[in-house]
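In the numbering used here, the protein residues as written are -12 to 346. All C-beta atoms, glycine included, are put in the ideal place defined by N, C-alpha and C. Please read all numbers here as calculations on a predicted model, not as lab measurements. Presented below is the structure to which this report refers.
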Ligand code: F6P
């Protein structure tokens, strides 16, 4: 039987643990006697002529690579290939170029490591080009359905928790309210988890409507209890009480969340008389060496993804459920977009600890 050859690509925003997943794929494939082709810069690498790739040898994937943040393959989180932005400002469907690029590599299957946006694109490409695809979920936002967690989330929460650990002494020294703005896109998972773990007094997430009065009430109660400072975490997608979104438009027109922390810091200062400061954690949440949890998850996901190809189970995403790695249909995972469950354990825990969610 001919030696199998599989491809792997990382797509969407990077996060910690991607290299650990790539490493697991390369080693598992090698044990099966297969070759792994690393496609560079996500689907953008397949649009190039010739396609951009490199053969991944198990020798370059010792334990050290697992400690590295980012992705050695490169990635992209813009430029939907079905409506690709062209230099003249027009949009062009470049999906056929990607399909052709894929087939020119003679791959038996491809493992896409991505979030829900990337999976929607990869699934469409796989159907159009009859590509054997398997997905590994990664995102610091932890908003992919059908999996309890995704590669990168644990590290992002750890970084945000550490930020609160560092903000606490300076807040106490200056009698301040410290506002920490964290990422997470439209889901409040990072804010909620880090807020509880980092001892925040107030956690604002996009899933819960808040009022500045309720926040001020909580801060005044903190002061009455004899404490001279407070910690507040806010998810980037939280809106003003009137529903206004905070976004920044970058060069080229790309919009990203940003600015709510600054707005709330001013509102809270005027409502409470406390001095406030804001820290926007940003991409620091994506960039560090992965936690042990992310290394384990990425390793288990990488092995399972190769095994799915071995079993001929395509259109599947590996997932973590009930302490095990399993596989689910990619379309089900995309459809089950996962925001914070307002009746879930973490929301209940926060409320039971007296943490204000601003409502
Ligand atoms: O989806 C991951 C994420 O880090 C979000 O939390 C954030 O809103 C966005 O990506 C930032 O994107 P970029 O890297 O393009 O600034």
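Asked	Found
Coarse secondary structure for residue 286, derived from DSSP in three states	helix
Cβ neighbours of residue 60 in the same chain (closer than 6 Å, five flanking residues each side left out)	-3, 25, 27
Short Cβ contact (9 Å threshold) for residue 81 with residue 68	yes
Contacts around residue 280, its chain only, beta-carbon distance under 6 Å, and the 5 residues preceding and following it disregarded	141
Residues bridged to residue 304 [DSSP beta-bridge criterion]	122, 315
Uninterrupted beta strand (DSSP E) stretches inside the stretch 164 to 190 (no shorter than 3 residues)	none
Residue 123 vs residue 138 beta-carbon contact at 9 Å	yes
Span separating the alpha-carbon of residue 173 from that of residue -7	34 Å
Beta carbon of residue 43 nearer than 9 Å to that of residue 13	yes
Assigned secondary structure, residue 94 (DSSP; H/G/I helix, E/B strand, else coil)	coil
Within the stretch 17 to 91, ranges of the alpha helix (DSSP H) (whole runs, at least 4 residues)	30 to 34, 50 to 54, 82 to 91
Reduced DSSP category for residue 104 - H, G, I as helix; E, B as strand; rest coil	helix
Three-state secondary structure assigned by DSSP to residue 273	helix
Cβ-heavy atom distance, residue 194 to the ligand F6P, below 8 Å	no
Integer-rounded CB distance, given that residue 125 should sit under 8 Å from residue 5	6 Å
Opening and closing residue of the beta strand (DSSP E) in which residue 244 lies	242 to 244
For residue 246 and residue 232, the rounded distance between their alpha carbons	9 Å
Residue 15 and residue 293 closer than 9 Å at C-beta	yes
Contact check, residue 282 vs residue 7, beta carbons under 9 Å	yes
Per-residue DSSP class, three states only, for residue 325	coil
Other residues of its chain near residue 72: CB distance less than 7 Å, five sequence neighbours each side excluded	66, 78
Proximity test, residue 241 beta-carbon vs the ligand F6P heavy atom, cut-off 8 Å	yes
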